[in-house]
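Trainee:
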Amino acid sequence: MKNKSWRHHYLPVFYLKGFTKESNKFKIFNVQEKRFIKNGKEFSPESYFFEKDGNTIKFNESETDFLETQHYSHFDNNAAKLIEKINSSSIDNRFNVDEDDMPALNHFVSLMYWRLPHRKEELRNFVRNNDLNTLGLAIKDKNGIKDKKREEELKNSEPFLNAYKYYNSLMDSMRGFECRTPYTIIESTDKFPYLCSDNPVILEKNEMPKVYEDDYLFPLSRQQVIHKNK
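Position one of the sequence shown corresponds to residue 26 (the numbering used here), numbered consecutively onward.
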């Protein structure tokens, strides 16, 4: 039996590698305390910005990491290829992307927003204050009638909340599939590289944003930031 993963990065390792120094590591600055973590120690991308069992789903006495290993990792791998394509290109060839790449990039931005640990309570409140139909789901009995009791039980379960943060981002990519909002990729200079943070998506709205509609800024790497602007 294979070992279950537990180090679930809310900032993917491939993404963090885009912000490392020549040493392939980075320093972390605590904005609130106005100091570098561990006196300026350099960290590898694998060693930070993860949550222990953050995407583990627990059913009764069993646990599974399929959400992390089969779903998040799948989309992270696709996003890594897309961002690498952008980073290795330039404005001369429109960074080698077209409008068909944008839904995938939008989906990754949504994943980056909702997988952050501090977004969990925001998502929990949204789920509790809406019925399953609003969330894009439904539970019905054998006669096709909504089972409201089961719906409430599901909404208040921790496994459902963990799964819904992924599902919600998946729906974002479908909601915005036909979106043709202009995007701009802005390059940095070697002297002023873009920075990464533990809250990397800067959105127009502070709560329950619609990634496929709202304006946002998102650093792709040290070299590029994407600006979505209506």
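Ideal Cβ placement from N, Cα and C applies to all residues, glycine included. Please read these numbers as outputs of a predicted model, since none were measured by experiment.
Give me the residue from Gln248, Gly43, Pro225 with the minimum Cα distance to Tyr241.
Mentor: It is Pro225 whose Cα lies nearest to the Cα of Tyr241.
Trainee: Output the boundary residues of the alpha helix (DSSP H) element that contains Thr145.
Mentor: Here residue 145 turns out to be Lys, not Thr, going by the sequence shown. Per DSSP, Lys145 belongs to the alpha helix (DSSP H) from 145-153.
Trainee: Just to confirm the assignment: which complete alpha helix (DSSP H) runs, minimum length 4, are found wholly within the region 159-199?
Mentor: Within the region 159-199, the complete alpha helix (DSSP H) runs of at least 4 residues are 173-180.
Trainee: Per DSSP, what are the beta-bridge partners of Arg32 in this structure?
Mentor: Beta-bridge pairing links Arg32 to Lys77.
Trainee: Do you know how far the Cα of Glu183 is from the Cα of Val250?
Mentor: One C-alpha to the other measures close to 34 Å.
Trainee: Between Phe51, Tyr73, Ala163, Asp90, which lies nearest to Ser30 when the distance is taken from Cα to Cα?
Mentor: If we check each option's Cα against that of Ser30, Asp90 comes out closest.
Trainee: Around the C-beta of Pro244, are 16 or more other C-beta atoms found within 10 angstroms, so that it is buried, or is it exposed?
Mentor: Answer is buried; the Cβ neighbour count reaches 16.
Trainee: Taking buried to mean at least 16 other C-beta atoms within 10 Å of its own C-beta, is Asn158 buried or exposed?
Mentor: Result: exposed.
Trainee: Could you give the residue range of the beta strand (DSSP E) that holds Ile53?
Mentor: Segment: none, Ile53 is in no beta strand (DSSP E) and carries neither H nor E.
Trainee: With C-beta atoms as the reference, is Val236 less than 8 Å away from Asp197?
Mentor: A contact, by the Cβ cut-off of 8 Å.
Trainee: Looking only at C-alpha atoms, which of Lys253, Leu220, Asp166 sits nearest to Val56?
Mentor: Among Lys253, Leu220, Asp166, the Cα nearest to that of Val56 belongs to Leu220.
Trainee: Does Tyr241 come out as helix, strand or coil in the three-state DSSP assignment?
Mentor: Residue state, collapsed to three classes: strand.
Trainee: Using C-beta distances below 7 Å, list every residue in its chain close to Lys50, excluding the 5 sequence neighbours before and after it, in chain order.
Mentor: Excluding positions up to five away in sequence, the list reads Glu67, Phe68, Ser69.
Trainee: Kindly identify the DSSP beta-bridge partner or partners of His99.
Mentor: DSSP output for His99 lists no bridge partner at all.
Trainee: Using 10 angstroms around the beta-carbon of Met233, count the other beta-carbons present and answer buried if the total reaches 16, otherwise exposed.
Mentor: Looking at its Cβ environment, which holds fewer than 16 other Cβ atoms inside 10 Å, Met233 is exposed.
Trainee: Using a Cβ-Cβ cut-off of 7 Å (strictly less than) and excluding sequence neighbours within five positions of Asn103, which residues of its own chain qualify?
Mentor: If we look at Asn103 and ignore the five residues flanking it on each side, its Cβ neighbours are Ala129.
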